[in-house]
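Engineer: My questions all concern the structure below.
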Amino acid sequence: MTTTLAPPSITDLKTQWLGMLNLIEPKLQRSQFITWFKDTALLGNEEGTLVVGLPLPMFLNWHMEHYQAMLLQIAQEMDPGIRQVVYKVDGGLKDNRERTMDLLQHFPEPKRRKLPGKQEVKLAEGIVSKILNPRYALDNFVVGSDNRLAHAACQSVATNPGGKYNPLFLYGGVGLGKTHLLQGTGNAILKGMPTSAVVYTTSEDFTNQVIEAIQHQKMDTFRRRYRQVDVLIIDDVQFLANKERTQEEFFHTFNALYEDRKQVIISADRPPQELQLEDRLISRFEKGMIADVAPPDYETRLAILVEKAAEYQMFLDRTVLQFIAEHATKNVRELEGILMQAVAMYELEQRMPTIKTIAEIMRKLSKDPHAAEEAPVGFEIPQKRLPTFQDIMEAVSRYYSVSVQDMISSSRVRDILIPRQIAMHIGRKYLRMSTVRLGEVFGDRDHTTVMNACNKIEERMQGDPPLLREIRAIEQELGLV
Ligand code: ADP
Ligand code: MG
65 MTTTLAPPSI TDLKTQWLGM LNLIEPKLQR SQFITWFKDT ALLGNEEGTL VVGLPLPMFL
125 NWHMEHYQAM LLQIAQEMDP GIRQVVYKVD GGLKDNRERT MDLLQHFPEP KRRKLPGKQE
185 VKLAEGIVSK ILNPRYALDN FVVGSDNRLA HAACQSVATN PGGKYNPLFL YGGVGLGKTH
245 LLQGTGNAIL KGMPTSAVVY TTSEDFTNQV IEAIQHQKMD TFRRRYRQVD VLIIDDVQFL
305 ANKERTQEEF FHTFNALYED RKQVIISADR PPQELQLEDR LISRFEKGMI ADVAPPDYET
365 RLAILVEKAA EYQMFLDRTV LQFIAEHATK NVRELEGILM QAVAMYELEQ RMPTIKTIAE
425 IMRKLSKDPH AAEEAPVGFE IPQKRLPTFQ DIMEAVSRYY SVSVQDMISS SRVRDILIPR
485 QIAMHIGRKY LRMSTVRLGE VFGDRDHTTV MNACNKIEER MQGDPPLLRE IRAIEQELGL
545 V
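Numbering follows our numbering, with no gaps: position 229 of the sequence shown is 293.
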């Protein structure tokens, strides 16, 4: 039992907390550790209860879900008398160096180890490899039912390159994580075998190298170089279509490496048999392991957002993440794009993203002709306490910055017309208000006018995903969805 007569001093608590942090740090990814333990402190340790201080309310859920049990275990290792860990949110902890630790000072970023016999030695002989992006790893790739096989295959290749999954062929639409998996596999192989020559290239780069070699009559050198490679990763091979000469070179390189039991990893936007490539190449691809990467489902999208938000050190409310996951359904790049905008908004304007601001961001992104198109999503009505009609009016009025007065007025200005129609639509849909009743509350309008208004907005919603999202945002704020 911990029986302290006088309560421990701030210095005692800081020392104790630092001791715990030392045990916590190796258990977490660095970004997670810095994100969630920055500005935390031990506030008390009495009668078997540790009180851990958190700087912001939004830390609370995350800590309770992820770290509370671990903290208790660590605390008990240090002092078996500890029986529970509780949290207290204390805004005064933020950037308060008297009470909290400077994590970056106590836990400086580990110096990158210089890899022995580094791969550049081999690459210096002339193999052009796009640098593998260290951000892409197999263990920060979120696995869901739609990419599980692809991820598992990559992991197997990473531990046993040139083994049974050779070649490994990944296919799937844009922005679904193929490049991430390819580079993550390359990074993992390099980590295990730092001296191996891992080459990542895109089919466009490869084509350019072939062209250059032809122009300078250096084809022999080109071939020799590629045949020293231990792991060849070629991204987006669909772009080799119609490039006969490059396909031929690739075919020979492939065979040479394959016979030497070197690993080849390939990605494309479609399965081998649908590629517009030479049959002999396709049949080589088909000999290996083929895995598809499909669009993630809702749960995976949400898990990816949680992971990315932590990577960006961004504390977003879970309902906001859920909102993004529900609406950005097309691919992961789109999810990331929205999150990045939210991060920028937070950093530049010090505005905490809410469902409303996220809906605005998505509206802006969807106006961008390059942004992904989005399919409307269906509604689900959970069994909850319904808002009153007054609540609906106020929510719509806040959202569009128009007054309730204006909404029930007879004005036909578009800026007012649409919010009015939305309020009617929500009232009818969720409160099952009759058109007659709606007519009454909207300044004695005729029920057919109300009916027309509802039909108009419902029709408009069909072809206007941004509008749908705005309505959805209002419904979310009202707790209707
Ligand atoms: P592709 O090559 O298939 O077009 P990318 O690999 O470039 O797609 O992925 C787009 C972005 O989405 C990258 O930033 C990547 O890190 C991220 N991403 C995709 N899938 C996942 C996942 N399952 N977990 C984590 N990040 C992912
Ligand atoms: Mg890619």
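Ideal Cβ positions, reconstructed from N, Cα and C, are used throughout, including at glycine. Note that the structure is a prediction, hence the values are computed from the model and not measured.
Taking only runs that begin and end inside the region 267-308, name each unbroken beta strand (DSSP E) of 3 or more residues, in chain order.
Structural biologist: Listed in chain order, they are 295-299.
Engineer: Under 7 Å: does the beta carbon of Gly239 sit that close to some heavy atom of the ligand ADP?
Structural biologist: Counted from its first residue, the sequence shown places residue 239 at position 175. Under cutoff, so the answer is yes.
Engineer: Which residue from Pro90, Met128, Pro72 and Gln96 puts its Cα closest to that of Gly112?
Structural biologist: Translated into the one-based positions of the sequence shown, residue 112 becomes position 48. The option with the nearest alpha carbon to Gly112 is Pro72.
Engineer: Would you check whether the ligand ADP has a heavy atom nearer than 7 Å to the C-beta of Arg397?
Structural biologist: Taking the first residue of the sequence shown as position 1, residue 397 is located at position 333. Within the cutoff, so yes.
Engineer: Could you tell me if the beta carbon of Glu400 falls within a distance shorter than 7 Å of some heavy atom in the ligand ADP?
Structural biologist: Taking the first residue of the sequence shown as position 1, residue 400 is located at position 336. Yes, the Cβ of Glu400 comes within 7 Å of a heavy atom of the ligand ADP.
Engineer: Counting only beta-carbon separations shorter than 8 Å, does Tyr200 have a partner in chain D?
Structural biologist: Looking at the structure shown, chain D is missing, and only one protein chain is on hand.
Engineer: For Ser331, which residues does DSSP report across the bridge?
Structural biologist: Position 267 of the sequence shown, counted from the first residue, corresponds to residue 331. Answer is Leu234, bridged to Ser331.
Engineer: Distance check for Asn204 and Gly83, CA to CA, integer angstroms please.
Structural biologist: Working through the sequence shown from its first residue, we reach residue 83 at position 19. Working through the sequence shown from its first residue, we reach residue 204 at position 140. In a straight line, the C-alpha of Gly83 is about 28 Å away from that of Asn204.
Engineer: Where DSSP assigns a beta bridge to Leu118, which residues make up the other side?
Structural biologist: On the sequence shown, position 54 is the one that residue 118 refers to. DSSP output for Leu118 lists Val153 as bridge partner(s).
Engineer: Buried or exposed for Gln454, going by 16 or more other Cβ atoms inside 10 Å?
Structural biologist: The residue labelled residue 454 in the question sits at position 390 within the sequence shown. Its Cβ having fewer than 16 others within 10 Å, Gln454 is exposed.
Engineer: Give a yes or no on whether the C-beta atoms belonging to Glu342 and Phe315 are separated by under 8 Å.
Structural biologist: Against the sequence shown, residue 342 aligns to sequence position 278. Against the sequence shown, residue 315 aligns to sequence position 251. Against a cut-off of 8 Å, the Cβ pair of Phe315 and Glu342 comes out as a contact.
Engineer: Specify the secondary structure class of Thr113 as computed by DSSP and reduced to three states.
Structural biologist: Locating residue 113 in the sequence shown gives position 49, counting from the first residue. It is a strand residue.
Engineer: Can you give me the C-alpha to C-alpha distance between Val192 and Val115, rounded to a whole angstrom?
Structural biologist: Mapped onto the sequence shown, residue 192 falls at position 128. Mapped onto the sequence shown, residue 115 falls at position 51. Any reading at Val192 needs caution, since the residue's pLDDT is 48, under 50, leaving its predicted position unreliable; the model's value is listed next. Using only the alpha carbons, I get a separation of about 55 Å.
Engineer: Going by alpha carbons, who is nearest to Met139 out of Gly108, Gly155 and Asp154?
Structural biologist: On the sequence shown, position 75 is the one that residue 139 refers to. The sequence given here has Ala at residue 139, not Met. Considering only alpha carbons, the answer is Gly108.
Engineer: Does the beta-carbon distance from Lys158 to Pro119 come in below 8 Å?
Structural biologist: The residue given as residue 158 occupies position 94 in the sequence shown. The residue given as residue 119 occupies position 55 in the sequence shown. The answer is yes: Cβ separation under 8 Å.
Engineer: So, for Met515: in the same chain, excluding its five sequence neighbours on each side, which residues have a beta-carbon less than 6 Å away from its beta-carbon?
Structural biologist: Taking the first residue of the sequence shown as position 1, residue 515 is located at position 451. Only Thr499 meet the Cβ criterion.
Engineer: Can you tell me whether Glu534 is helix, strand or coil according to DSSP?
Structural biologist: On the sequence shown, position 470 is the one that residue 534 refers to. Note: Glu534 maps to helix in three-state DSSP.
Engineer: Using the Cβ count rule (16 or more neighbours within 10 Å means buried), how would you classify Met165?
Structural biologist: For the purposes of this step, residue 165 is identified with residue 101 of the sequence shown, where counting begins at 1. Buried, since its Cβ has 16 or more Cβ neighbours within 10 Å.
Engineer: Say the cut is 7 Å; is the CB of Tyr229 nearer than that to a heavy atom of the ligand ADP?
Structural biologist: Counting from 1 along the sequence shown, the entry for residue 229 is found at position 165. Incorrect: Tyr229 has no Cβ contact closer than 7 Å to the ligand ADP.
Engineer: What does the Cβ neighbour count give for Gly145, buried or exposed, with the cut at 16 atoms within 10 Å?
Structural biologist: Your numbering for residue 145 matches position 81 in the sequence shown. So Gly145 counts as exposed.
Engineer: The ligand ADP heavy atoms versus the CB of Val206: any closer than 7 Å?
Structural biologist: Translated into positions along the sequence shown, residue 206 becomes position 142. Yes, the beta carbon of Val206 sits closer than 7 Å to at least one heavy atom of the ligand ADP.
Engineer: Quick check: Thr271 and Lys307, are their CB atoms within less than 8 Å of each other?
Structural biologist: Locating residue 271 in the sequence shown gives position 207, counting from the first residue. Locating residue 307 in the sequence shown gives position 243, counting from the first residue. Going by C-beta atoms, Thr271 is nearer than 8 Å to Lys307.
Engineer: Could you check what DSSP says for Met257 in three-state terms: helix, strand or coil?
Structural biologist: Residue 257 sits at position 193 when you count from the first residue of the sequence shown. Looking at Met257 - three-state DSSP - the assignment turns out to be coil, as it is neither helix nor strand.
Engineer: Name the DSSP beta bridge partners of Met353, please?
Structural biologist: Residue mapping note: residue 353 aligns to position 289 of the sequence shown, counting from 1. According to DSSP, Met353 bridges with Leu232.
Engineer: Could you tell me whether any non-hydrogen atom of the ligand MG is closer than 7 Å to the CB of Asp300?
Structural biologist: As a working note, residue 300 is residue 236 in the sequence shown. Checking the Cβ of Asp300 against the ligand MG gives yes.
Engineer: When you measure from the CB of Thr243 to every non-hydrogen atom of the ligand MG, does any distance come out below 7 Å?
Structural biologist: Numbered from its first residue, the sequence shown carries residue 243 at position 179. Within the cutoff, so yes.
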